[in-house]
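Chains as they are written, first to last, in my numbering: chain A, 106 to 432; chain B, 106 to 432; chain C, 106 to 432; chain D, -15 to 86; chain E, -15 to 86; chain F, -15 to 86.
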Ligand SMILES: Nc1ncnc2c1ncn2[C@@H]1O[C@H](COP(=O)(O)O)[C@@H](O)[C@H]1O
Ligand SMILES: Nc1ncnc2c1ncn2[C@@H]1O[C@H](COP(=O)(O)O)[C@@H](O)[C@H]1O
Ligand SMILES: Nc1ncnc2c1ncn2[C@@H]1O[C@H](COP(=O)(O)O)[C@@H](O)[C@H]1O
Ligand code: NA
Ligand code: NA
Ligand code: NA
């Protein structure tokens, strides 16, 4: 694993993230225009969705894929429970904020997933294309659990359930990921060929610039953070470790290949910083955005990119890799 | 034609448009930042202009090209007359709005053209590069006709003719299309080689994202539409059908190859939703933008992308394709 | 040199710049959204930095590189002195504005450099990758000299020296250029391979659109310019000529290859229109931005792109090219 | 001399995600329209905040012009959310031409 | 204490395509300057409208600061266009420092 | 009836590069916060200016809401820079709800 770990730190993708962190800490005025950052994130989702769909159109559907989907959805629903207990207990957060933060850890981070795919592909353990659908399915269930946990604490108007469900299914990133996935599945490899110079060849380069921006945002946010305690900082590292291990074992248990096993681990270990914060602003406006954004974006995200993806890959390898324990 | 029609609906380019329509109708919050949409439209115009210029630098100029230009300009000047009659008669619009809408149908839609070129190329009937110049030439003459038709109805200050002519010739899209066309013609295939990874390889992918955005805008606009009657909706489908047939016959009559014949049909059948609306805001501010934008953008544009391009291609094939009637 | 000069004017990169100038002078409403222009400039810096770093990771470091760095830094510190004298004497500017303008001519223009690299590569005299580091090193020293020259004239609060030094070293473009350079050097050719479709293949195309925008901005600015005298216009052409010659001789003297010699000439001849204006707004707000921006952006920049790059290339060729005087 | 009438101009700073609630309140108050303008960044009790569209944490100004009574009705309707959602609401008198529209 | 003087601040919501007419009217009224700020979306009698730069249907605010008399002259000059072009014009009194500039 | 209190709204047009000085002055005046909104272009004595982020020559509005005395202290503090840096400062009275925050 040493060579692999080293490889992480010579990959331009990760190095650009480090550059972003560095520039922000050095108080450089480097900044990416928001319209561009938004555009890059749409591009990354469309591209990863397409690639996943094309892969599934080649490999076809089988029962493993169904199992992976079920495992992902179950994890997204259930993981907030663990996080909630830890946040209320060790973290000393109130019920409201514990629920809001927990939702983030049940959901997923698209960019963490995408970076992991790049890294695992470079280590010759590419995750299956269907994992994109698993990711999309995991994005929003956690929101429901988080809200249920926080609800009794939330004052003011309750949002109608219909509005919540609409958001779970028609959230921008869910629609784009699954839509592009369907387009990839329908148009298949031959249809994809035409657009692959844009969506495939350009992918890693865009990811570099996007991670540069994420580095800048993550570091700047933590420098401004006021409501972050050391307990919360510890939790923001412990939960991705724990959830990553759970997800990796789950993937191994349902018989996924090594790359997909690791990818499921990364999905479980990652925390949302786009879809879930937006939902929390609407549903739990009294919750402190300073807490959940700083934890997921400024601690968990960098920890996953720089360290946890490597650890999870090694664990998946030990479990189901060549000569792995569970083979 | 069945296979070809089916091909349309497995092309990622068209499927992304459908995804945009779907997302907007499902009231998803998916959205493309405007700066990016603007940038993509500039990119598409620069790329199509360059490609056309390079193609002409290879093939050289001949009398057919001159004829195609003349036919296009004549069509742009004259087609508003038909549209105007239909809009005032069947459509029950007043003189002012009939003139404003008519101008849109005389002019062209760059993205409809670009999508048609992609589809016809996939059907092995690529339009000639000079059709880009024809498109640029067709953009603005219709504005003059539309204004003449509407003018007697327009109250308030008249705009000086100089201002109008300036707009016709130095409109942003005319300048960019013809400028890039000239650059392509001057620098030729060898000069283009250097920039082709950007302008050629990336083209279809950008078109996908752009059409995603167009789908979102078209569907959202029609959901908000207030001033649209069923009569106008019928006209927004009838005119592109009619003008498409006229243009295709004209192309066949002046001896264009099958791809260029179809492309001329598409240009005639398409309606402007960028250059002409902007001109109408200035020249006929009392005209109802809700009418002309909804008709051209939310009805005619989707109809052309999803159905009419296919129909026109089939007609062109029947007329001048292999074994066509007019050969 | 005739063929080479002609080549400049058939290169799409230069032609798009000319198109931008033309469109602005013709008062067309063509415009590139700012977010996009900003994004393209970040892209160009990241790409050029990466390429330079990869090149150095291949060639290794040697004493010539050290000499080139020293020469560049010295030039950036000293060139403002010449400019200052000319501006105060012939240009009849006051001390404050002379200092502000002088700083611009000591610093460099990234886009001028990038365009020169493209042109010299097409002429088979590619500059060394380390010249990117030289460029980054030359960006900011001139600011210090310019401020020292202007300072006694500046009223109001003085900025703390710490703030100045921070800006010199952590300026956005310095950080991005050197950061990407380091990433390229660390990840080397194999790491670069993955991102090269984005950063390398797309480069010239992006440069085309960026220069289109620069053409628009340069021409629009000069049409609005009020404070520009003919004396200043003459200086805005004379200084790049003079500094270009100085830089080219310096490059030849320290034994650079022909491409790098020309590139050093171009760096010396170019004037900043991003980093230095921003610094001057902060440090010398009383200086007239209308003067320094119009000179560097609307006169010197076009002159360098269209003429001076060609002249400097020819001089470098005569000095150290095949059969050159100094070989 | 043209005639002007006095109306209230209300500007509300709010999270983008909450805009629909505000505009619904405006519609419900019987006000004829509203306009949304962008905001770049700011500082309040929560510390420095930046426009971060990637994380969805951006804000906008919603501005609306209304007669005094409707303006007060709107302020009344929004008051409870002001503290829970961190809105910032300011209003002042303005003159408008074509006052019958508002 | 610094001295402030009273001026009118006029803000006009208009289609981007019509900005030049407004700024020309401002220049013609002898006012020293103007500033344009972006607008994102809005709702009026025409129904909901969104910033759609692709179709050119976006709007901006043009704001200008002027002494009372020039402000009224400007409002007077723009009044006819207000109904035909759907402008929205609001104005109110403000205090400025360095009043001699306006 | 909800209660409103009177505060000053100050809007300062400034170069992006100089924003930090302004916000520092606001913090120094003991004002609780500020909000920055974008500006697209404008014309003043220097002639027409356009948002040109590439050359860094863009401007923004910094707006802040404060009680009368702090607002005057801020205006006083910024007055010297007004002429040297070309700031444009306007202020007027507004009503706010939840006045204790400002
Ligand atoms: N005194 C103020 N003046 C102007 N804007 C303010 C002020 N206080 C707060 N804000 C804005 O309101 C937002 C939320 O403030 P708060 O609810 O105090 O965190 C901040 O991010 C600022 O944009
Ligand atoms: N009462 C209002 N308050 C604020 N903005 C308005 C109001 N009425 C209309 N607007 C704005 O003016 C634009 C045109 O309105 P209208 O001319 O009524 O269609 C709308 O899109 C809104 O942005
Ligand atoms: N009378 C005015 N009304 C509104 N904005 C103005 C006015 N005068 C100047 N400005 C703005 O202030 C900026 C600088 O003005 P100046 O310092 O006169 O060059 C201009 O670019 C405008 O954006
Ligand atoms: Na997770
Ligand atoms: Na047409
Ligand atoms: Na220089």
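Glycine is no exception: its CB is placed at the ideal position from the N, C-alpha and C atoms.
Interface partners of residue i on chain E, CB under 8 Å
i                     : result
residue 84 of chain D : What residue 84 of chain D touches in chain E: nothing, since even the nearest Cβ is about 10 Å away.
residue 17 of chain D : 26, 27, 28 and 29
Contact set between residue i and chain F, taken where Cβ atoms lie within less than 7 Å
i                     : result
residue 5 of chain D  : Under the 7 Å cutoff, chain F gives no residues; its nearest Cβ is about 16 Å from residue 5 of chain D.
residue 44 of chain E : 24
Within chain D, the residues that residue i reaches when beta carbons sit closer than 8 Å
i                     : result
residue 21 of chain E : 21
Interface partners of residue i on chain B, CB under 7 Å
i                      : result
residue 30 of chain E  : 395
residue 292 of chain A : 115, 116, 117 and 120
residue 313 of chain C : 300
Contacts of residue i in chain E (Cβ-Cβ under 7 Å)
i                     : result
residue -4 of chain D : Under the 7 Å cutoff, chain E gives no residues; its nearest Cβ is about 14 Å from residue -4 of chain D.
residue 26 of chain D : What residue 26 of chain D touches in chain E: nothing, since even the nearest Cβ is about 16 Å away.
Chain C contact residues for residue i, given Cβ-Cβ distances below 7 Å
i                     : result
residue -1 of chain F : 386
Neighbour list for residue i in chain B, Cβ cutoff strictly below 9 Å
i                      : result
residue 277 of chain A : 128, 133, 134, 135 and 136
Where residue i meets chain C, residues with beta-carbon distance less than 9 Å
i                      : result
residue 302 of chain B : 302, 305, 306, 307, 308, 309 and 310
Where residue i meets chain B, residues with beta-carbon distance less than 8 Å
i                      : result
residue 288 of chain A : 117, 120, 121 and 124
residue 374 of chain A : Going along chain B, no residue has its Cβ under 8 Å from residue 374 of chain A, so there is no contact; the nearest lies around 27 Å.
Proximal residues of chain A, C-beta to C-beta of residue i below 9 Å
i                      : result
residue 297 of chain C : 117
Where residue i meets chain F, residues with beta-carbon distance less than 8 Å
i                     : result
residue -7 of chain E : 74 and 76
Nearest-angstrom beta carbon gap, residue j and residue i [assumed within contact, 8 Å]
i                      : j                      : result
residue 364 of chain A : residue 169 of chain A : Incorrect: roughly 13 Å between the Cβ atoms, too far for contact.
residue 43 of chain D  : residue -12 of chain D : Not quite, the Cβ-Cβ distance comes to about 31 Å (not below 8 Å), so this is no contact.
residue 303 of chain A : residue 311 of chain B : 6 Å
residue 372 of chain B : residue 240 of chain B : 6 Å
residue 237 of chain A : residue 171 of chain A : Not a contact, Cβ separation roughly 15 Å.
residue -10 of chain F : residue 53 of chain F  : Contact doesn't hold; Cβ gap of about 12 Å is too wide.
Where residue i meets chain A, residues with beta-carbon distance less than 7 Å
i                      : result
residue 143 of chain C : 138
Mind checking the region 47 to 79 of chain F against chain D and listing, in chain order, the residues whose C-beta falls within less than 7 Å of any C-beta there? Listed by position along the chain: 49, 76, 77, 78 and 79.
Determine which residues of the region 198 to 216 of chain C have a Cβ less than 7 Å from any Cβ of chain F, and write them out in chain order. Listed by position, the residues of the region 198 to 216 of chain C near chain F (Cβ gap below 7 Å) amount to none.
What are the residues of the region 121 to 140 of chain B that lie near chain A, defined by any Cβ-Cβ distance shorter than 8 Å? Against chain A - using a Cβ distance shorter than 8 Å - the residues of the region 121 to 140 of chain B are 121, 124, 127, 128, 131, 132, 133, 134, 135, 136, 137, 138, 139 and 140.
The region 151 to 162 of chain A / the region 280 to 300 of chain A touching (three or more Cβ pairs under 8 Å): As far as the Cβ criterion goes, the region 151 to 162 of chain A touches the region 280 to 300 of chain A, which means the pair count is three or higher.
Does the region 138 to 147 of chain C come close enough to the region 135 to 150 of chain B to have 3 or more Cβ pairs within less than 8 Å? When Cβ pairs closer than 8 Å are counted between the two stretches, the region 138 to 147 of chain C is seen to touch the region 135 to 150 of chain B, the count reaching three or more.
Count Cβ pairs between the region 382 to 402 of chain C and the region 14 to 28 of chain E that sit closer than 8 Å; are there 3 or more? In short, these stretches do not touch, since the Cβ pair count stays below three.
Are the region 188 to 195 of chain A and the region 316 to 328 of chain A in contact at 8 Å, needing three or more beta carbon pairs? No, they do not touch.
Determine which residues of the region 390 to 416 of chain A have a Cβ less than 7 Å from any Cβ of chain D, and write them out in chain order. Here the close residues are 390, 391, 394, 395, 398 and 402.
With contact counted as at least three CB pairs below 8 Å, one residue from each stretch, are the region 247 to 254 of chain B and the region 368 to 384 of chain B in contact? With a cut-off of 8 Å, the region 368 to 384 of chain B and the region 247 to 254 of chain B count as touching, because enough Cβ pairs lie within range.
Should the region 69 to 86 of chain D be regarded as contacting the region 1 to 21 of chain E, the criterion being three or more beta carbon pairs within less than 8 Å? Verdict: no, contact absent.
Do the region 238 to 248 of chain A and the region 338 to 347 of chain A make contact, defined as three or more Cβ pairs closer than 8 Å? Per the Cβ contact rule, the region 238 to 248 of chain A is not in contact with the region 338 to 347 of chain A (fewer than 3 Cβ pairs under 8 Å).
If the cut-off is 9 Å on Cβ atoms, which residues from the region 150 to 174 of chain B count as contacting chain C, listed in chain order? For the region 150 to 174 of chain B, the set of residues with a beta-carbon nearer than 9 Å to any beta-carbon of chain C comprises 151, 152 and 155, in chain order.
Taking 8 Å as the threshold, find out whether the region 45 to 56 of chain E comes into contact with the region -9 to 0 of chain E through three or more Cβ pairs. Output reads yes: the region -9 to 0 of chain E touches the region 45 to 56 of chain E.
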